[in-house]
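Take a look at the structure set out below.
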Amino acid sequence: YRMMIPERMTSAAGAIGMGQAALEVATRYSDRRKAFGEQIRRFQAVSFKIADSVTLLDAARGLVYGAARSVDGGDDPARSRRLVSEAKRFATDAAWQVVNHAMQVLGGIGYTNVYPIERLLRDTRLIMIWTGTNEVMDLIIQHEYYKELLGGPPEAWGRDVEPDAPEAGSAEKVYE
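In our numbering, each residue's number is its place in the sequence shown (first place is 1) plus 438.
So this is what it looks like as structure tokens:
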């Protein structure tokens, strides 16, 4: 599992950076853009998207920092594996939602290359499948959590992704 830790942590941190960039563009845009004589940030439909985005990114940072502490602190490898998978999944999902909020705040111009939102949307979508899809992260999370909580024989732990490696054309483990 150790082989994928740097890649998944980098994906999680990179997703937060993409989300933060989109949030900053949307925040500045909502402060400058006016509709009906007012800054659009004064409308709840806009300001609540900003608030939600801030919350999502702060939560994602907390998960990434916690996973990094677990890995660096020498925690149980199975627990670290779960925390890294949680961080990667949550951070990339959060970034996707934040970039989508930014697109909504900017409206049609957000879809053009005048602002970087259209590129961030593509890049964020890619990072959700990079170094293991978020569905693979779910498999790892549930497997390690069942194992942690229930103990007992492997059949009680839920499905793991390691047995799928040969089917995918690789004799290597998919998470080491």
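By construction, the Cβ of each residue, glycine as well, lies at the ideal position given by its N, Cα and C atoms. Because the structure is a prediction, the values reported are computed rather than measured.
Nearest candidate by alpha-carbon position, reference residue i, set the options
{"i": "Val574", "options": "Ala460, Arg520 and Phe481", "result": "Arg520"}
{"i": "Gly589", "options": "Arg517, Ala540 and His539", "result": "Arg517"}
{"i": "Thr493", "options": "Asp531, Met447 and His581", "result": "Asp531"}
{"i": "Ala498", "options": "Trp534, Val537 and Ile454", "result": "Ile454"}
{"i": "Met447", "options": "Thr569, Lys585 and Arg466", "result": "Thr569"}
{"i": "Glu425", "options": "Glu476, Asp514 and Lys472", "result": "The requested residue 425 is not part of the displayed model; the chain covers only 439 to 614."}
{"i": "Arg440", "options": "Arg479, Gly512 and Phe486", "result": "Gly512"}
{"i": "Tyr467", "options": "Phe474, Ile488 and Gly452", "result": "Ile488"}
Within 7 Å, strictly: CB atoms of residue i and residue j
{"i": "Leu495", "j": "Gln458", "result": "yes"}
{"i": "Ile579", "j": "Val522", "result": "no"}
{"i": "Ala483", "j": "Ala540", "result": "no"}
{"i": "Leu558", "j": "Met456", "result": "yes"}
{"i": "Val502", "j": "Ala525", "result": "yes"}
{"i": "Thr562", "j": "Ala533", "result": "yes"}
{"i": "Leu587", "j": "Val536", "result": "no"}
{"i": "Asp469", "j": "Gln477", "result": "yes"}
{"i": "Ala506", "j": "Ala450", "result": "no"}
Contact test: residue i Cβ vs the ligand MG heavy atom, cutoff 6 Å
{"i": "Gln458", "result": "Among the ligands in the structure shown, none appear at all, so the ligand MG cannot be discussed."}
With 16 other Cβ atoms within 10 Å as the buried cut-off, status of residue i
{"i": "Gly548", "result": "buried"}
{"i": "Leu564", "result": "exposed"}
{"i": "Lys472", "result": "exposed"}
{"i": "Arg527", "result": "buried"}
{"i": "Arg560", "result": "exposed"}
{"i": "Ile567", "result": "exposed"}
{"i": "Ile479", "result": "Reading the sequence as shown, one finds Arg at residue 479 and not Ile. Burial call: buried."}
Coil, strand or helix - residue i by DSSP
{"i": "Tyr613", "result": "Because the pLDDT of Tyr613 is 48, which lies under 50, any placement of that residue in the model is unreliable, and the question is left without a value."}
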